[in-house]
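Some notes on the structure that comes next.
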């Protein structure tokens, strides 16, 4: 095991310590990003992506949607190059689409179309159809439709 892998695992452990109550988001993100960099340097892309996905989730939770979008898009692009992992791209694009919807509903439609071009089978997924409906409802100002679509997903 390379020295950077060991260092990366130490940063992951430190991040986990900061995840305990009360959560120190800044330090969690800082250590996860450092761990990701070290894993990437050791060509451990899967471990690097796991760290980045946590960073994206925390970023979205803190309403730093742009950062979350960039991470989800980058991770989706990485897994699309791997025949075993390419189906995970759907989930990452879905999360990025939700972040787009939260960040800037007016540009959500173009993000949907961009992701569908990059991952053609995305248009046939339940997630894509949901976000497409949500974008429609937001553009129309249809609160009841928006609420119904979210309830349908959960039910």
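Numbering (the numbering used here), first residue to last: 125 to 279.
We treat Cβ as the ideally placed atom computed from N, Cα and C, and that holds for glycine.
How is residue 271 classed by DSSP in three states: helix, strand or coil? On the chain shown, position 147 is the one that residue 271 refers to. DSSP places residue 271 in helix when its eight states are reduced to three.
Where the alpha helix (DSSP H) through residue 147 begins and ends: Taking the chain shown and counting its residues from 1, the one referred to as residue 147 is at position 23. Following the DSSP letters along the chain, one finds residue 147 in no alpha helix (DSSP H), marked with neither H nor E.
So, at 6 angstroms on beta carbons, what are the nonlocal neighbours of residue 172 in its own chain, with the 5 sequence-adjacent residues on each side left out? Within the chain shown, the letter at position 48 stands for residue 172. Within the same chain, and ignoring the five residues on either side of residue 172 in sequence, the residues whose Cβ sits closer than 6 angstroms to its Cβ are 160, 163, 164.
Distance, Cα to Cα, residue 136 vs residue 209? As a first step, residue 136 is located in the chain shown; it is residue number 12 there, counting from the start. As a first step, residue 209 is located in the chain shown; it is residue number 85 there, counting from the start. The straight-line gap separating the alpha-carbon atoms of residue 136 and residue 209 is approximately 23 angstroms.
Are the Cβ atoms of residue 239 and residue 217 separated by less than 8 angstroms? Here the question's residue 239 lines up with position 115 in the chain shown. Here the question's residue 217 lines up with position 93 in the chain shown. Yes, these two residues count as a Cβ contact at 8 angstroms.
If the criterion is Cβ atoms closer than 8 angstroms, does the pair residue 229 and residue 262 meet it? Within the chain shown, numbered from 1, the residue matching residue 229 stands at position 105. Within the chain shown, numbered from 1, the residue matching residue 262 stands at position 138. Annotated as proximal: residue 229 and residue 262, with beta-carbon spacing under 8 angstroms.
Under the rule that 16 or more other beta-carbon atoms within 10 Å means buried, what is residue 271, buried or exposed? Start at 1 with the first residue of the chain shown, and residue 271 comes out as number 147. Flag for residue 271 reads exposed.
Below 7 angstroms CB to CB, which residues in the same chain sit around residue 233 once its five sequence neighbours on both sides are set aside? Taking the first residue of the chain shown as position 1, residue 233 is located at position 109. Sequence-distant Cβ neighbours of residue 233 in its own chain, meaning closer than 7 angstroms and more than five residues away, are 259.
Beta-carbon gap between residue 189 and residue 212 smaller than 8 angstroms: By one-based count along the chain shown, residue 189 stands at place 65. By one-based count along the chain shown, residue 212 stands at place 88. The beta carbons of residue 189 and residue 212 sit no closer together than 8 angstroms.
Please return the same chain residues whose Cβ sits closer than 7 angstroms to the Cβ of residue 191, not counting the five positions on each side in sequence. Residue 191 sits at position 67 when you count from the first residue of the chain shown. Taken in chain order, the residues that qualify are 183.
Residues of its chain near residue 129, where Cβ-Cβ distance is below 6 angstroms and the 5 sequence neighbours each way are ignored: Translated into positions along the chain shown, residue 129 becomes position 5. Non-local beta-carbon contacts of residue 129 in its own chain, meaning distances under 6 angstroms to residues more than five positions away in sequence, involve 166 in chain order.
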